[in-house]
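Engineer: Input: one structure, supplied below.
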Amino acid sequence: MKRRAYLRTAGVGAAALIAGCSAEPTGEDGSTDTPTGTTTGTTEGTPTLRVGTYTSFIDAPSTSPGAWVKEQFEAEHDATLEWFAPDGGIDYFLQRRNQGVTVDTDLYAGLTPENMVRADDNLQNGDSLFDSVDTGNIDNADHLIDEYQFDPQGRALPMGAAYISLVYNQNMLDERGVSGPETFEDLTTEEYRDALLIPNPQNSETGLEFLFWTINEYGEDGYLDYWQRLLDNGARILEGWGAAYGAYSEGEAPAVVSYSTDQVFADMSDADMAEHQIGFLNGEGYAYLEAMARFSDTDKPDLAESFISFMLRPEIQAEVAQRNVALPAVDNAELPEKFDELTPEPETVVSFDYDRLSGNVDDWLGEWSRQVAEQ
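Each step along the sequence shown adds one to the number in the working numbering, with nothing skipped, and position 257 is 259.
Structural data, given as structure tokens:
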């Protein structure tokens, strides 16, 4: 995977980092909780672009870009941006399509490779949930980082990335007299008993990609045994990434499965960096890729393309990367030099492509659920 493909600029972004600390949604601007998720406010009299996404993009325990993106997009376009974060994630839209009900959303921001594969594997009528996008209509598309592309049918355009890694608290590990775990096997030893918090792969992309990472390491015949050894050593599986990271922040365990960009957030809040150390097991990190895709039944295809173009502009990419604590998807986003220092990269990047995931995601998750989650 291409390393440091974005531009760095000294002295840029300090104000943006400060602003990012106040980007948490507050329930104002018409935000409402619904039975199926969270919808952010709309304005009557203008066309509304409804964008599906994941909850932490608009309401994270750290910092979120959603409110800022909405404000900036609406300032430039005669349209209202409405965020929609259903509880079921991409499965919500898949179920509606399979039930013959309109998706009623124009595009999705934050689509992962496994989201795309599961949608393709489980759509009953043989159609695609998403339309292909002509990159000739998309501004700055020629600056997309090639290694972040994952859909062979050209329906998804990258919007950001990170690496799944461990985040650990060296202060807590010092009390045990050990350094940060360096290998998968370390996590099964007595030195790291009761040390690890893992987001549930059934409810969390973070946890699911950690599951893929263990499959890459131990193979389809050995990954369940590894998970059993993790549990036997006191690893805890929590509801999702927010629950796991929240428990970690409260000091319930010295390590959590999270993201290699964690120190960006820690720096925003002047946190003790010893509590935000990054661990790449076996020198590896699993590539976490996010993309945007337009739903095939949208009645606003042009407005959806305008949003994609907006999101890929270098200055928007740079700001979203900092507010979303992620890496930009284009190679011409200008970020402060400090960002480079706060976002380490693994020696080896691990990822499963579309073909490797196709036909396997549900099977792997089902096997994991039967052996691990039911304990």
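For glycine and all other residues, C-beta sits at the position ideal for the given N, C-alpha and C.
Because the structure is a prediction, the values reported are computed rather than measured.
Specify the secondary structure class of residue 27 as computed by DSSP and reduced to three states.
Structural biologist: As a working note, residue 27 is residue 25 in the sequence shown. Because residue 27 sits at a pLDDT of 26, beneath the cut-off of 50, its placement in the model cannot be relied upon, and the point is left open.
Engineer: Return helix, strand or coil for residue 346, following the three-state DSSP convention.
Structural biologist: Locating residue 346 in the sequence shown gives position 344, counting from the first residue. Note: residue 346 maps to coil in three-state DSSP.
Engineer: On the premise that residue 85 lies in contact with residue 68, defined as a C-beta separation below 8 Å, what is that separation, rounded to the nearest angstrom?
Structural biologist: What you label residue 68 is simply residue 66 of the sequence shown in a count that begins at 1. What you label residue 85 is simply residue 83 of the sequence shown in a count that begins at 1. Sure, about 5 Å apart at Cβ, within 8 Å.
Engineer: By Cβ distance, which residues of its chain are closer than 7 Å to residue 311, with the 5 residues on each side in sequence left out?
Structural biologist: Start at 1 with the first residue of the sequence shown, and residue 311 comes out as number 309. Excluding residues within five positions, the ones whose Cβ falls inside 7 Å are 140 and 141.
Engineer: Which same chain residues end up closer than 7 Å to residue 365 when comparing Cβ atoms and leaving out the 5 residues on each side of it in sequence?
Structural biologist: Numbered from its first residue, the sequence shown carries residue 365 at position 363. Closer than 7 Å at the Cβ level, and outside the excluded window around residue 365, lies no residue.
Engineer: Below 8 Å, can you find three or more Cβ-Cβ pairs linking the stretch 333 to 346 to the stretch 182 to 198?
Structural biologist: Short answer: they don't touch.
Engineer: Consult DSSP for residue 179 and reduce its assignment to one of helix, strand or coil.
Structural biologist: By one-based count along the sequence shown, residue 179 stands at place 177. Correct three-state label for residue 179: coil.
Engineer: Could you check which residue in 358, 206, 123 and 233 has the C-alpha nearest to that of residue 377?
Structural biologist: The sequence position of residue 377 within the sequence shown is 375, counting from 1. Closest option to residue 377, Cα to Cα, is 233.
Engineer: Any chance you could list the alpha helix (DSSP H) runs of at least 4 consecutive residues sitting entirely within the stretch 61 to 136, in chain order?
Structural biologist: Complete alpha helix (DSSP H) runs here, min 4: 68 to 78, 92 to 100 and 115 to 124.
Engineer: Between the alpha carbons of residue 96 and residue 108, how many angstroms are there, rounded?
Structural biologist: Here residue 96 refers to the residue found at position 94 when the sequence shown is read from its first residue. Here residue 108 refers to the residue found at position 106 when the sequence shown is read from its first residue. If I take the Cα positions, the gap works out to 14 Å.
Engineer: With a floor of 4 residues, list each alpha helix (DSSP H) that falls wholly inside the stretch 183 to 228, ordered by position along the chain.
Structural biologist: For the stretch 183 to 228, whole alpha helix (DSSP H) runs of length 4 or above, ordered along the chain, are 207 to 220.
Engineer: Residues in its own chain within less than 7 Å of residue 156 by CB, not counting five upstream and five downstream?
Structural biologist: Counting from 1 along the sequence shown, the entry for residue 156 is found at position 154. Cβ within range, chain order: 134 and 135.
Engineer: If you compare alpha carbons, which of 72, 271, 350 and 235 is closest to residue 255?
Structural biologist: Here residue 255 corresponds to residue number 253 of the sequence shown, with the count starting at 1. Nearest option by C-alpha distance: 235.
Engineer: Evaluate residue 371 with the Cβ neighbour count: other Cβ atoms within 10 Å of its Cβ, from every protein chain shown; 16 or more gives buried, anything less gives exposed.
Structural biologist: As a position in the sequence shown, residue 371 is number 369, starting the count at 1. With fewer than 16 Cβ atoms within 10 Å of its Cβ, residue 371 is classed as exposed.
Engineer: Which one of 100, 244, 90 and 145 has the shortest CA to CA distance from residue 316?
Structural biologist: Against the sequence shown, residue 316 aligns to sequence position 314. Out of 100, 244, 90 and 145, 145 has the C-alpha closest to the C-alpha of residue 316.
Engineer: Can you check whether the CB of residue 115 is closer than 8 Å to the CB of residue 1?
Structural biologist: The requested residue 1 does not occur in the structure, where the chain is confined to residues 3 to 377.
Engineer: So, are the CB atoms of residue 58 and residue 244 less than 8 Å apart?
Structural biologist: By one-based count along the sequence shown, residue 58 stands at place 56. By one-based count along the sequence shown, residue 244 stands at place 242. Yes. Within cutoff.
Engineer: Nearest CA to the CA of residue 344: which residue from 105, 87 and 329?
Structural biologist: As a position in the sequence shown, residue 344 is number 342, starting the count at 1. Residue 329 is the option with its Cα nearest to residue 344.
Engineer: Identify whether residue 244 lies in helix, strand or coil by the three-state DSSP scheme.
Structural biologist: As a working mapping, residue 244 is identified with position 242 in the sequence shown. It is helical.
Engineer: First and last residue of the beta strand (DSSP E) that includes residue 258?
Structural biologist: Taking the first residue of the sequence shown as 1, we reach residue 258 at position 256. Looking at the DSSP string, the run of the beta strand (DSSP E) that includes residue 258 is 257 to 261.
Engineer: Would you call the stretch 264 to 276 in contact with the stretch 72 to 80, where contact means no fewer than 3 C-beta pairs closer than 8 Å?
Structural biologist: As far as the Cβ criterion goes, the stretch 264 to 276 does not touch the stretch 72 to 80, which means the pair count is below three.
Engineer: Which residues in the same chain as residue 117 place their Cβ atom closer than 7 Å to its Cβ, once the five residues preceding and following it in sequence are excluded?
Structural biologist: Counted from its first residue, the sequence shown places residue 117 at position 115. Within the same chain, residue 117 has close Cβ partners 92.
Engineer: Give the DSSP bridge partners of residue 165, in chain order.
Structural biologist: Residue mapping note: residue 165 aligns to position 163 of the sequence shown, counting from 1. Residue 165 is bridged to 289.
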